[in-house]
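Inspection log for the structure reproduced underneath, given as structure tokens.
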Amino acid sequence: MNVSPPQLRTVNVTRYVTPLREGGSLPAIAEADDGFLYVIKFRGAGQGVKALIAELIGGEIARKIGFKIPEIVFANLDTAFGRTEPDEEIQDLLKASVGLNLALHYLSGAITFDRSVTVVEPMLASKIVWMDCLLTNVDRTPRNTNMLTWHRELWLIDHGAALYFHHSWYNWEEQAKRPFVQVKDHVLLPYATELEAVDPELKAIITPEVIRGIVGLIPDEWIATEWQETPDEVRDIYARFLETRIASSHIFLNEAQHARAALI
1 MNVSPPQLRT
11 VNVTRYVTPL
21 REGGSLPAIA
31 EADDGFLYVI
41 KFRGAGQGVK
51 ALIAELIGGE
61 IARKIGFKIP
71 EIVFANLDTA
81 FGRTEPDEEI
91 QDLLKASVGL
101 NLALHYLSGA
111 ITFDRSVTVV
121 EPMLASKIVW
131 MDCLLTNVDR
141 TPRNTNMLTW
151 HRELWLIDHG
161 AALYFHHSWY
171 NWEEQAKRPF
181 VQVKDHVLLP
191 YATELEAVDP
201 ELKAIITPEV
211 IRGIVGLIPD
221 EWIATEWQET
231 PDEVRDIYAR
241 FLETRIASSH
251 IFLNEAQHAR
261 AALI
């Protein structure tokens with residue numbers, strides 16, 4: 001079966017609206033030349049392009065599974081942009097982010113997910129936990145759920161802390177087969193009663209062809225700032241990491257099951 005690779009639009013940032021002072025990355029709400037507002041993740045922020053790559057891969061894998069994800073676009077920042085910004089810290093960030101950045105469509109009026117208010121059924125909770133174990137996403141905890149409720153539906157956001165293997169790049173094979181011990185802090189783990197049932201279903205969706213299509217979106221210019229390998233070599237390592245992790249899913253599933261049992 002042929003799988004069409006995902007396509008991302010590219011927009012040009014026209015107006016910086018307001019910073020979102022969350023953590024050290026300083027994302028911002030900005031307007032683009034298509035007239036829409038976006039949450040922009042800047043390549044010049046603390047974690048650099050690796051956070052953007054994690055956001056891109058994590059978000060598009062989540063979309064492929066069927067979760068609701070704001071549209072992800074490449075956001076081009078011109079050299080002239082931000083020269084009139086009075087905040088020196090923000091101006092420095094914008095200068096360091098000239099070129100392609102990543103942005104998510106801004107969900108105006110969305111509210112932060114609250115598990116005491118919104119009930120997540122077990123199958124959905126299990127799929128989200130499974131995906132976050134695959135991606136080694138440490139950032140979906142009760143303190144910071146990175147989920148929103150918008151128009152009475154659950155939306156997933158902010159996968160920039162996933163794939164942390166790329167911060168110690170050269171032992172990726174070993175890391176691909178490690179259990180995800182941080183799953184014990186996952187906000188949806190108590191409701192993830194169907195992990196064994198969703199495993200074959202999601203493995204059938206996230207095929208090597210799907211993975212290769214998603215990692216193929218990583219721009220050459222991002223790779224050139226961080227790695228000595230060629231862009232194709234870097235994209236191949238990301239793909240092989242995810243393929244190995246899926247093939248070894250029993251490892252992270254066992255860890256999740258044990259962590260869930262400890263909660264009961």
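Mapping of the sequence shown onto the UniProt record's numbering: position 171 corresponds to residue 171, and the numbering continues sequentially without gaps.
All C-beta atoms in this analysis are idealised placements derived from N, C-alpha and C, irrespective of residue type, glycine included.
What you are looking at is a predicted structure, and each value in this text was computed from that prediction instead of being measured.
Please report the distance separating the alpha-carbon of A261 from that of P142. Whole-angstrom Cα-Cα distance: 18 Å.
Helix, strand or coil at K68 [DSSP, three-state]: Correct three-state label for K68: strand.
Using only alpha-carbon positions, find the residue among W222, I40, H258, T207 that is nearest to S4. Per the Cα distances, T207.
Alpha helix (DSSP H) runs contained entirely in the region 25 to 95, provided each spans 4 or more residues: Correct list: 48 to 65, 88 to 95.
So, for G58: in the same chain, excluding its five sequence neighbours on each side, which residues have a beta-carbon less than 6 Å away from its beta-carbon? Sequence-distant Cβ neighbours of G58 in its own chain, meaning closer than 6 Å and more than five residues away, are L135, H159, A162.
Looking at the secondary structure, which residues open and close the beta strand (DSSP E) in which A103 lies? Counting along the chain, the unbroken beta strand (DSSP E) around A103 starts and ends at 99 to 105.
The region 140 to 157 in contact with the region 166 to 177 per 3-pair CB rule at 8 Å: A contact is defined here as three or more CB-CB pairs under 8 Å, and the region 140 to 157 fails this definition with respect to the region 166 to 177.
From which residue to which residue does the beta strand (DSSP E) around V13 run? Where V13 is concerned, the enclosing beta strand (DSSP E) stretches over 10 to 19.
For T18, which residues from the same chain have a beta carbon less than 7 Å from its beta carbon, with the 5 sequence-adjacent residues on both sides left out? A28, I29.
Would you decide whether R235 is buried or exposed? Buried here means 16 or more other CB atoms lie within 10 Å of its CB. R235 is buried by the Cβ-count criterion.
Suppose you measure from the CA of residue 282 to the CA of A256; what does that come to, to the nearest Å? Residue 282 falls outside the range modelled here, since the chain spans only 1 to 264, and no answer is possible.
Would you say the region 79 to 99 touches the region 178 to 191, given that touching needs at least three Cβ pairs under 8 Å? The region 178 to 191 and the region 79 to 99 do not touch, with fewer than three beta-carbon pairs separated by less than 8 Å.
By a C-beta neighbour count over all protein chains shown, 10 Å radius and 16 as the cutoff for buried, is P200 buried or exposed? With fewer than 16 other Cβ atoms within 10 Å, it is exposed.
Any chance you could list the alpha helix (DSSP H) runs of at least 4 consecutive residues sitting entirely within the region 92 to 172, in chain order? With a minimum length of 4 residues, the continuous alpha helix (DSSP H) runs that stay inside the region 92 to 172 are 122 to 135.
In three-state terms, what does DSSP make of E229? DSSP places E229 in the coil class of the three-state scheme, outside both helix and strand.
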